[in-house]
Amino acid sequence: MQSTSSASRHQSIDQLYSHHHGWLRGWLRRRLGNAADAADLAQDTFVRLLSSGLGEPLSVTTPRAYLATVANRLSINLYRRRSLEQAYLEALAQAPQDVAPSLEHQALVLEALDEIDQVLALLSAKTRHAFLMAQLEGYTQEEIAGRLELSVRSVQRHLARAFEECIVLASQSAA
2 MQSTSSASRH
12 QSIDQLYSHH
22 HGWLRGWLRR
32 RLGNAADAAD
42 LAQDTFVRLL
52 SSGLGEPLSV
62 TTPRAYLATV
72 ANRLSINLYR
82 RRSLEQAYLE
92 ALAQAPQDVA
102 PSLEHQALVL
112 EALDEIDQVL
122 ALLSAKTRHA
132 FLMAQLEGYT
142 QEEIAGRLEL
152 SVRSVQRHLA
162 RAFEECIVLA
172 SQSAA
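One gets this note's numbering by counting positions in the sequence shown from 1 and adding 1 to each.
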């Protein structure tokens with residue numbers, strides 16, 4: 002049985018949806034130039050709202066601005082994911098045919114890259130930068146500290162935070 006506050010919250014979201022979904026879909030269609038992506042992102046925006054911890058959605062003083070902010074973040078994630086997929090597919094196209102992975106393997110790699118990208122997006126800019134410098138560019142902690150103008154201890158904390166998030170991702174993937 003749903004609690005009264007939960008039922009009230011869902012009713013509030015239903016009302017928000019009925020008043021603003023059409024506007025949001027049109028706004029996204031103009032920004033993206035694609036009706037299908039606009040419809041998907043509009044729907045995802047309300048799904049995000051349903052799963053958020055926001056108490057009473059109608060208590061937001063400017064609902065359209067709030068919805069536009071959420072939708073904009075989702076569109077950035079969409080473009081980032083597509084860019085990542087495109088880079089991977091271009092790298093595959095350059096690989097010799099006998100070395101190219103199967104379609105199943107390609108799908109698994111794309112899924113893993115997407116999950117890693119989502120984790121990296123959650124990190125602070127300095128933590129993400131330090132992690133990428135260490136893992137992709139091979140910099141030592143001392144070199145990272147010098148380039149980011151941080152102490153070595155701060156770099157160690159940033160790297161530890163990034164690795165913690167990676168461990169959480171790995172444990173969720175294994176489950």
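Glycine residues also receive a C-beta, built at the ideal position from the N, C-alpha and C atoms.
- Give the range of the alpha helix (DSSP H) segment to which D45 is assigned. A36 to S52
- Option in A131, L42 and D115 with minimal Cα separation from W24: L42
- Starting from G147, trace the alpha helix (DSSP H) both ways and give me its first and last residue. Q142 to L149
- So the alpha helix (DSSP H) D115 belongs to, where does it begin and stop? L104 to L123
- Message: Can you find the residues in the same chain that come closer than 8 Å, C-beta to C-beta, to V71, ignoring five residues on each side of it along the sequence?
- Response: T46, R49 and L50
- State yes or no: is the C-beta of R32 within less than 9 Å of the C-beta of A40? no
- Message: If you measure between the beta carbons of L114 and A131, is that distance less than 9 Å?
- Response: no
- Nearest residue (CA-CA) to L123, options E86, Q95, P102 and A163: A163
- Query: In three-state terms, what does DSSP make of P64?
  - Reply: helix
- Message: Tell me the DSSP secondary structure of E138 in three-state form.
- Response: coil
- Item | H106 versus Y89, D118 and Y67, residue with shortest Cα-Cα distance | Y89
- Item | Buried versus exposed call for E166 [16 or more other C-beta atoms within 10 Å across all chains shown] | buried
- Message: My assumption, with CB atoms under 8 Å, is that A161 sits in contact with V153. Please give the rounded CB distance.
- Response: 13 Å between Cβ atoms; not a contact.
- Task: Measure the CB-CB distance between L85 and L111 and report whether it falls below 9 Å.
- Result: yes
- To the nearest angstrom, report how far apart M2 and A8 are at their CA atoms. Residue placement at M2 is flagged as unreliable, the pLDDT there being 46, under the threshold of 50; the coordinate-derived value follows with that caveat. Their backbone Cα atoms lie some 10 Å apart in a straight line.
- Check each candidate in R65, E91 and R158 and name the one with the smallest Cα separation from R129. R158
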